[in-house]
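Chemist:
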Amino acid sequence: MTDDARTIDINGRTYHWPRQPVVVVCIDGSEPGYVEAAVETGKAPFFARILAEGTNRLADCVIPSFTNPNNMSIVTGVAPAIHGIAANFFYDPDADEDVMTNAPKFLWVDTIFKAFFDSGAKVAIVTAKDKLTPLLGHGLDFSSGRAISFSSEKSDQTTLAKNGIERADQFVGLPVPDVYSAELSAFIFAAGVKLMERDRPDVMYLSTTDYIQHKHAPGAPVANDLYIMMDRYLAQLEDMDCVIGLTADHGMNAKHTDEGEPDVIYLQDVMDSWSLGGQARVVLTITDPYVVHHGALGSFCTLYLSADADAYAYAAKIRELDGVLAVYSRSQGCAEFELPEERMGDLIVISEKHKVLGAKTANHDLSGLTVPLRSHGGLTEQRVPLLVNRPPSGLAEDRRLRNFDIFDVALNHAQ
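Everything in the sequence shown is counted per our numbering, starting at 334 for the first residue and increasing by one.
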């Protein structure tokens with residue numbers, strides 16, 4: 334069978350074998366407007382060509398609009414109800430502990446990378462923060478010489494056995510960046526260019542950090558500089574005849590008052606003041622090891638209720654709070670957003686566009702918020718770009734696209 338006719342089946346979807354390298358980029362926190370603003374500076378010619386001549390569409394991300402569930406949806410091609418990663422963080426009632434969803438044991442299906450690798454493809458994965466590395470590289474044999482996966486954050490700790498590359502920082506030729514910096518993302522693209530020059534992988538995935546987007550809106554000079562940097566590296570990949578697809582894991586919105594203070598509903602404090610019986614525990618599913626730029630404040634949370642709590646009474650009272658957009662029961666919310674019920678609480682709460690949800694005031698360290706808060710998690714951060722540097726073929730204009738369709742579009746509609 335020729336490569337042109339070869340296909341890979343994974344998670345109920347079929348993908349064509351890449352005829353040239355396919356690079357998919359997840360620009361963390363890239364709401365619509367960032368790319369367009371960078372193009373308006375006249376300093377982002379790669380993005381300008383995509384907007385004018387390539388595939389230029391909008392897509393919906395997974396709710397909750399957080400990093401882990403969306404990255405894993407992108408790399409499996411399916412919703413969290415199928416792959417199992419429903420948030421950055423969840424409460425395990427059986428173990429009575431809060432758990433990060435960054436271990437492969439929480440992933441229910443294989444990734445697109447593993448499917449291609451198992452069929453003989455070369456695969457390269459570079460992500461900003463190390464929290465995603467175990468999930469993205471799950472199932473790959475790094476001793477094979479055909480798989481590489483590492484993070485910018487831990488690039489000085491990579492080994493052939495664990496990552497498929499020794500001292501990635503030395504290979505890229507850049508120092509390990511600070512985790513709270515634009516350089517963390519720049520390192521990813523520099524690594525992508527170097528790996529494409531050396532290995533020419535069939536499939537590459539680059540996933541950035543949203544540190545800049547949490548601080549700067551589209552069109553801000555610092556945000557433009559980030560996208561202009563990306564443009565320069567992406568143009569180099571395009572010059573190597575790569576199909577390049579770009580999307581985002583979520584958008585971003587201002588979440589502050591006119592005075593610049595975070596506009597927060599501290600839901601645990603509020604509920605603790607009610608006399609409804611039973612207990613309600615707030616779990617903020619945005620939480621991860623990197624909360625300096627958002628203070629663990631997002632627009633989605635889930636509540637775990639004790640057996641004697643009245644779920645209907647709690648839901649009714651929460652709906653009355655100023656700034657709450659919607660409250661769902663577990664079954665309603667999981668059905669609406671394609672989430673696994675096993676990893677959600679009894680209630681799901683989503684706040685309005687410019688509000689965020691907290692737990693207890695005393696438990697949030699906001700000292701790192703040096704600029705007015707921008708964050709995500711809710712329905713108002715669901716719309717994201719979906720771009721490919723080739724015009725679409727056979728992609729219906731009226732098709733509702735999800736960010737996890739990006740591999741389908743890049744492999745099946747843009748080669």
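All C-beta atoms in this analysis are idealised placements derived from N, C-alpha and C, irrespective of residue type, glycine included.
Three-state secondary structure (DSSP) at A743?
Modeler: Of the three classes helix, strand and coil, the one that applies to A743 here is helix, per DSSP.
Chemist: According to DSSP, is M585 part of a helix, a strand, or is it coil?
Modeler: M585 falls in the coil class under three-state DSSP.
Chemist: Should Y538 be labelled buried (16 or more other beta-carbon atoms within 10 Å of its own) or exposed?
Modeler: Buried is the call here.
Chemist: Indicate whether R716 and G584 have their beta-carbon atoms separated by less than 8 Å.
Modeler: In contact: R716 and G584 (Cβ atoms closer than 8 Å).
Chemist: Restricting to runs no shorter than 3 residues, where is the beta strand (DSSP E) found entirely within the region 349 to 374?
Modeler: The qualifying runs are 355 to 359.
Chemist: Considering only DSSP beta bridges, list what F633 is partnered with.
Modeler: Paired residue(s): I683.
Chemist: Under 8 Å, Cβ to Cβ, is there at least one residue of chain D near I407?
Modeler: The structure shown contains no chain D, having only a single protein chain.
Chemist: For my contact list, A587 and P705 are in at a C-beta cut-off of 8 Å; report their separation, rounded to the angstrom.
Modeler: Confirmed, about 7 Å.
Chemist: Is the beta carbon of T580 closer than 8 Å to that of A392?
Modeler: It is a contact, given that the beta carbons lie within the stated cut-off.
Chemist: Take every Cβ of the region 485 to 500, pair it with every Cβ of the region 383 to 401, and state whether three or more of those distances are shorter than 8 Å.
Modeler: The region 485 to 500 vs the region 383 to 401: no contact.
Chemist: Rounding to the nearest angstrom, what Cα-Cα distance links L567 and L744 in this structure?
Modeler: Using only the alpha carbons, I get a separation of about 18 Å.
Chemist: Going by the CB atoms, is the gap between A480 and V456 shorter than 8 Å?
Modeler: Result yes, Cβ atoms of V456 and A480 sit closer than 8 Å.
Chemist: DSSP state of A385, grouped into three classes?
Modeler: Note: A385 maps to helix in three-state DSSP.
Chemist: Between which two residues does the alpha helix (DSSP H) harbouring G525 extend?
Modeler: From DSSP, the alpha helix (DSSP H) with G525 extends over 516 to 532.
Chemist: Check the DSSP bridge columns for E430 and list the partner residues they point to.
Modeler: DSSP output for E430 lists D425 as bridge partner(s).
Chemist: Going by alpha carbons, who is nearest to R531 out of F504, V512, C359, A515?
Modeler: The residue with the shortest Cα to Cα distance from R531 is F504.
Chemist: Going by DSSP, what residue range makes up the alpha helix (DSSP H) through T409?
Modeler: Segment 400 to 409, the alpha helix (DSSP H) holding T409.
Chemist: Please go through the same chain and pick out, in chain order, the residues whose beta-carbon is closer than 6 Å to the beta-carbon of E364, but skip the five residues on each side of it.
Modeler: So the list reads G584, M585, once near-sequence residues are dropped.
Chemist: Just to confirm before moving on: does the CB-CB distance between I322 and F399 stay below 8 Å?
Modeler: Summary: the structure shown does not reach residue 322, with the chain confined to residues 334 through 748, and so no result is reported for it.
Chemist: If you draw a straight line from the C-alpha of I651 to the C-alpha of P397, how long is it?
Modeler: Taking the straight line joining both Cα atoms gives about 18 Å.
Chemist: Within 10 Å of its beta-carbon, does H626 have 16 or more other beta-carbons around it, so buried, or fewer, so exposed?
Modeler: Confidence at H626 is low in this model, with a pLDDT of 48, below 50, so the placement of that residue should be treated as unreliable; the coordinate-derived value is given next. Buried.
Chemist: Hey, would you say N722 sits closer than 8 Å to I418, going by beta carbons?
Modeler: The answer is no: Cβ separation not under 8 Å.
Chemist: With DSSP as the reference, please indicate the residues paired to G578 in a beta bridge.
Modeler: Paired residues: V357, V721.
Chemist: Do the region 369 to 377 and the region 589 to 596 touch if we need at least three Cβ pairs shorter than 8 Å?
Modeler: No contact exists between the region 369 to 377 and the region 589 to 596.
Chemist: If you draw a straight line from the C-alpha of N401 to the C-alpha of D643, how long is it?
Modeler: For N401 and D643, the distance between alpha carbons rounds to 31 Å.
Chemist: Please go through the region 447 to 489 and give each complete beta strand (DSSP E) segment of 3 or more residues, from N-terminal end onward.
Modeler: As far as the region 447 to 489 is concerned, its whole beta strand (DSSP E) runs of at least 3 residues are 456 to 460, 480 to 484.
Chemist: Within the same chain, show all residues whose beta-carbon is closer than 6 Å to that of P351, passing over the 5 residues directly before and after it, in chain order.
Modeler: Same-chain partners within the cutoff: D535.
Chemist: Count the other CB atoms within 10 Å of the CB of R676; is the residue buried (16 or more) or exposed (fewer)?
Modeler: The residue in question, R676, is buried, as its Cβ has 16 or more Cβ neighbours within 10 Å.
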